[in-house]
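Here the structure is laid out as structure tokens; the discussion comes afterwards.
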Amino acid sequence: KQEVTQIPAALSVPEGENLVLNCSFTDSAIYNLQWFRQDPGKGLTSLLLIQSSQREQTSGRLNASLDKSSGRSTLYIAASQPGDSATYLCASTWAGGTSYGKLTFGQGTILTVHP
Amino acid sequence: GAVVSQHPSRVICKSGTSVKIECRSLDFQATTMFWYRQFPKQSLMLMATSNEGSKATYEQGVEKDKFLINHASLTLSTLTVTSAHPEDSSFYICSQWVVAGSNEQFFGPGTRLTVL
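Quick look at the structure:
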């Protein structure tokens, strides 16, 4: 069974700190991996998408890495700001069969950045 | 990225009634959309895959007769919760799968369903 796990479940940091969120997956044959942000009561905003052939993606203060051999992805947030406070979700898709295109989500990391 | 809208954003209904939720792709033709459900303080769980012009594919444990999905056009998929009960209260989110190019998924803003 393909599973995605995120640690920590919650993280509280002071403003300005650099931080890392972790995501692990059980099946290394992923098709791609996406990181999302979800604000309370809202839908999901796509942050970064990493294809299986890529090692990392960057957007502004965000950098996501992918290591298929170890089944891990990390989301690095530089110089965190209070506006970064949200739940961060990672999700993977696996190719082939009935899994194609379906996203499996981790449980999420609730990030709080305090001034 | 692709823009996806959902309507309504919030609905409160009495137990036993049916509720229809619309998911629209505003700037892209979507042959495949996905419907997810999210209970409080939990992550998203895939309910079904909505395929334009054909029957939806449901995940294990999701009742297809209770959660009716219709994908009549390339820009509209609907989820109808039939005979809703309080345990159906949840946050329902659809996503559009951009198969060409990035294979990225873009999500709607979600619909909060509360069944009294």
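Chains A and B are the protein sequences, given in the same order. Going by this note's numbering, the residue at position 59 of the first sequence is 49; the numbering climbs one at a time, nothing skipped. Going by this note's numbering, the residue at position 114 of the second sequence is 131; the numbering climbs one at a time, nothing skipped. Every residue gets a Cβ at the ideal spot worked out from N, C-alpha and C, and that includes glycine. Bear in mind that the values here come from a model prediction, so they are computed numbers and not experimental data.
Where does the unbroken beta strand (DSSP E) through residue i begin, and where does it stop?
{"i": "B:S26", "result": "From DSSP, B:S26 is part of no beta strand (DSSP E); its letter is neither H nor E."}
{"i": "A:H104", "result": "99 to 104"}
{"i": "A:S36", "result": "34 to 41"}
{"i": "B:L85", "result": "84 to 90"}
{"i": "B:F123", "result": "122 to 124"}
{"i": "A:R51", "result": "Unbroken run through A:R51: none, as it is neither H nor E."}
{"i": "B:K37", "result": "36 to 42"}
Cβ closer than 9 Å: which chain B residues qualify as neighbours of residue i?
{"i": "A:F15", "result": "Simply none; closest approach about 14 Å."}
{"i": "A:K32", "result": "P126, G127"}
{"i": "A:Q47", "result": "Neighbours of A:Q47 on chain B: none; closest Cβ ~11 Å, over 9 Å."}
Kindly indicate which residue of the options has the alpha-carbon position closest to the one of residue i.
{"i": "A:Q(-4)", "options": "A:H104, A:L11, A:Y66, A:G6", "result": "A:L11"}
{"i": "B:S107", "options": "B:L85, B:L93, B:V132", "result": "B:V132"}
{"i": "B:Q46", "options": "B:E80, B:W114, B:F124", "result": "B:W114"}
{"i": "A:E(-7)", "options": "B:L91, B:M62, B:H88, B:E121", "result": "B:M62"}
{"i": "B:E69", "options": "B:P57, B:S42, B:V98, B:Q122", "result": "B:S42"}
{"i": "B:E121", "options": "A:A81, A:G96, A:L101, A:H104", "result": "A:A81"}
{"i": "B:S90", "options": "B:E39, B:V20, B:S35", "result": "B:E39"}
{"i": "A:S18", "options": "A:S63, A:P72, A:I100, A:A69", "result": "A:S63"}
{"i": "A:S43", "options": "A:S14, A:I20, A:F26", "result": "A:I20"}
{"i": "A:L9", "options": "A:I40, A:K(-9), A:Q24, A:Y66", "result": "A:Y66"}
{"i": "A:I40", "options": "A:G33, A:N22, A:N53", "result": "A:N22"}
{"i": "A:L93", "options": "A:V103, A:S2, A:L34, A:S55", "result": "A:L34"}
{"i": "B:L130", "options": "B:V20, B:V21, B:S22, B:K31", "result": "B:K31"}
Check the Cβ of residue i against every Cβ in chain B and list those closer than 7 Å, keeping chain order.
{"i": "A:N22", "result": "N120"}
{"i": "A:Q97", "result": "S60"}
{"i": "A:L1", "result": "Chain B residues near A:L1: none, gap ~16 Å exceeds 7 Å."}
What residues in its chain sit with their C-beta under 8 Å from that of residue i, if we drop five residues either side in the sequence?
{"i": "A:G98", "result": "Q(-4), A(-1), Q28, T77, Y78, L79"}
{"i": "B:G33", "result": "S100, A101, H102"}
{"i": "B:D82", "result": "T99"}
{"i": "A:S49", "result": "L37, L38"}
Excluding the five sequence neighbours on either side, which residues of its own chain have a C-beta within less than 6 Å of the C-beta of residue i, listed in chain order?
{"i": "B:W52", "result": "M64, A65, L96, C111"}
{"i": "B:T48", "result": "E69"}
{"i": "A:A68", "result": "N8, R51"}
So which residues of chain B does residue i contact, with C-beta pairs closer than 8 Å?
{"i": "A:K92", "result": "F51, L63, T66"}
Quick check: is the beta carbon of residue i nearer than 8 Å to any beta carbon in chain C?
{"i": "A:S36", "result": "Of the chains in the structure shown, none is chain C; the protein chains are A and B."}
Could you name the residues of the same chain whose beta carbon sits closer than 7 Å to that of residue i, not counting the 5 residues immediately before and after it, in chain order?
{"i": "A:D74", "result": "I67, L101, V103"}
Any C-beta of chain A within less than 7 Å: which residues of the region 94 to 115 of chain B qualify?
I110, W114
Name, going along the chain, the residues of the region 61 to 82 of chain A whose beta-carbon falls closer than 7 Å to a beta-carbon of chain B.
L79
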